[in-house]
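K.L.:
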Amino acid sequence: IADQAGDRARSKSILTQLREATPHDMRVVRRLSRMEMEDGNLSKGRKLLQDALGLEPDNAHLLHGLGQLERKAGNDYSARKYFRRAIKSRPTFANPYHALGTLEHTHGNIRVALTVIKEGIKNCPQNHRLYHALGDVYLDANMLDLAEESYLEGLQHGPQWSKSFFYTSLSYVSYALGHMRDCRTLLRQSLEINGGMHAQGVIALAQLEESEGNIQDARKVYRDAVSRYEKKRRGRSPFRRRTLDSDVFDTSSLVDGKGHDYTRSYSGDKWINVFQSWARMEEVHGTYETAHIVYGKAARLFPDNVGLLIRWAELQASDSNRDNNDGIVEKARLLYEAACHRVGGRSAEPYVQFAMFEMKRRNFV
């Protein structure tokens, strides 16, 4: 509940207390480790899992969790070892097959990926995610009939919410075949499920319209989807403002991260990608003002997303270079400061970007 309300500090505090009270409950360890990983604290997350693995060396969930952590850390060799150990420990556990197959696919090892995923389907024949991963490998290899067959099979096994992902993937097959009408129909089907709360489908449909030059249609897809999302987030929020259109650029909330329009996003919320995709489109096909407004909306909903703040700052910096506008320069500076404030000592990237921004303006002190 605390995580869904966006209170990560409280979530981690509760999990830490549960960890002390129930040291053998590995679900708590995995969740706490995942939150540390999401916050960029890979060493902390790794130690939690390794300590727990010392108590249960054959726990497939812990092994899989370590594989995921190592992959995020860029240690793919170690990730492979942990995924294979998890599979050996519990052959009917689908997650490490999916993770290992996806890893091999990412590295272009199509044959190995197919072998792993098919083995997973053999041992976990009802797991929809494995059919989806198999379809993705076939799609990437341009084996479109087999991709379509895999996605259609996955549709028969997954829960209702998962169907939106399969419809979206089937739209990719239609797109590859040049069947634009079918592609668009499938994407709209994906948005009819779960109240249209399918970020991947929103992005795919909007980008399809953009690719065909239908910028207004693409903008409408984004606008309608974001409206649904904002309504959902406001519905969870105990805070309300009289107007939601004022203070698009609220300096105090940027620095403090205290937006009161919405609850904070829960961990792993993919809707940030919708805003980023929309903002990118506005930068290309719109104006500074339209892109600026989209970034403003996103920052209210995702105030702690450092990458978002940096991209918004880059928009200001780019426009100030064209117009030599001191007000926009100050906005860029504020955004870089906010990004540095958010990240603390977890990453040097915002500081580097901020320094480069100042150097271009010959502010060396």
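Letter by letter, the sequence shown follows residues 20 to 384 in the numbering used here.
A virtual CB, placed ideally from N, CA and C, is assigned to each residue, including glycine.
Bear in mind the structure is a predicted one, so any value in this text is a computation, not a measurement.
Spatial neighbours of residue 59 within its chain, please: C-beta separation below 6 Å, excluding the five flanking residues on both sides.
P.N.:
Take residue 59, set aside five residues on each side of it, and the residues of its chain with a beta-carbon closer than 6 Å to its own are 365, in chain order.
K.L.:
Report yes or no: do three or more beta-carbon pairs, one from the region 298-314 and one from the region 81-97, lie closer than 8 Å?
P.N.:
no
K.L.:
Can you give me the C-alpha to C-alpha distance between residue 378 and residue 334, rounded to a whole angstrom?
P.N.:
Each residue's alpha carbon lies about 17 Å from the other.
K.L.:
Taking 6 Å as the limit between beta carbons, can you name the residues of its chain near residue 236, skipping five residues before and five after?
P.N.:
228
K.L.:
Please state the DSSP three-state secondary structure of residue 236.
P.N.:
helix
K.L.:
Quick check: the Cα distance between residue 63 and residue 298, rounded to an integer number of angstroms?
P.N.:
34 Å
K.L.:
Which residue wins for smallest C-alpha separation from residue 159, given the options 194, 147, 106 and 355?
P.N.:
194
K.L.:
Measuring CB atoms only, is the region 123-134 touching the region 102-110, in the sense that at least three cross pairs come out at less than 8 Å?
P.N.:
no
K.L.:
What residues in its chain sit with their C-beta under 8 Å from that of residue 170, if we drop five residues either side in the sequence?
P.N.:
150, 151, 154, 185, 188, 189 and 192
K.L.:
From 206, 113 and 166, pick the residue whose C-alpha is nearest to that of residue 145; which is it?
P.N.:
113
K.L.:
Just to confirm the assignment, what range does the alpha helix (DSSP H) spanning residue 201 have?
P.N.:
For residue 201, the enclosing alpha helix (DSSP H) has its first and last residue at 199-209.
K.L.:
Would you kindly report the start and end of the unbroken alpha helix (DSSP H) that includes residue 155?
P.N.:
From DSSP, the alpha helix (DSSP H) with residue 155 extends over 147-159.
K.L.:
Measuring CA to CA, which of 252, 201 and 225 is closest to residue 240?
P.N.:
Of the listed residues, the one whose Cα sits closest to residue 240 is 225.
K.L.:
When burial is assigned at 16 or more other CB atoms within 10 Å of the CB, is residue 382 buried or exposed?
P.N.:
Exposed is the call here.
K.L.:
Closer than 8 Å by C-beta to residue 56: which residues in its own chain qualify, once you throw out the five before and the five after it? Chain order, please.
P.N.:
64, 87, 88 and 91
K.L.:
If I measure Cβ to Cβ from residue 376 and keep anything under 8 Å in the same chain, skipping five residues before and after, which residues do I get?
P.N.:
332, 336, 351, 352 and 355
K.L.:
Given that a residue counts as buried once 16 or more other Cβ atoms are within 10 Å of its Cβ, and exposed if not, what is residue 303?
P.N.:
exposed
K.L.:
Closest to residue 357 by CA distance: which of 323, 177 and 110 is it?
P.N.:
323
K.L.:
Please classify residue 200 as buried or exposed, where buried requires at least 16 other C-beta atoms within 10 Å of its C-beta.
P.N.:
exposed
K.L.:
Applying the criterion that 16 or more other CB atoms from any shown protein chain within 10 Å of the CB defines a buried residue, is residue 388 buried or exposed?
P.N.:
Since the first and last residues shown for the chain are 20 and 384, residue 388 lies out of range.
K.L.:
Rounded to whole angstroms, what is the Cα-Cα separation between residue 30 and residue 232?
P.N.:
So the alpha carbons of these two residues sit roughly 45 Å apart.
K.L.:
Nearest to residue 178 by alpha carbon, out of 66, 148 and 37?
P.N.:
148
K.L.:
Quick check on the DSSP output: the alpha helix (DSSP H) that includes residue 185 runs from which residue to which?
P.N.:
182-195
K.L.:
Report, in whole angstroms, the separation of the C-beta atoms of residue 93 and residue 120, which I expect to be a contact under 8 Å.
P.N.:
At roughly 19 Å, the Cβ-Cβ gap does not stay under 8 Å, so residue 93 and residue 120 are not in contact.
K.L.:
In this structure, does DSSP put residue 175 in helix, strand or coil?
P.N.:
coil
K.L.:
CB-CB under 6 Å to residue 77, same chain, minus the five flanking residues each way: which ones, in chain order?
P.N.:
108
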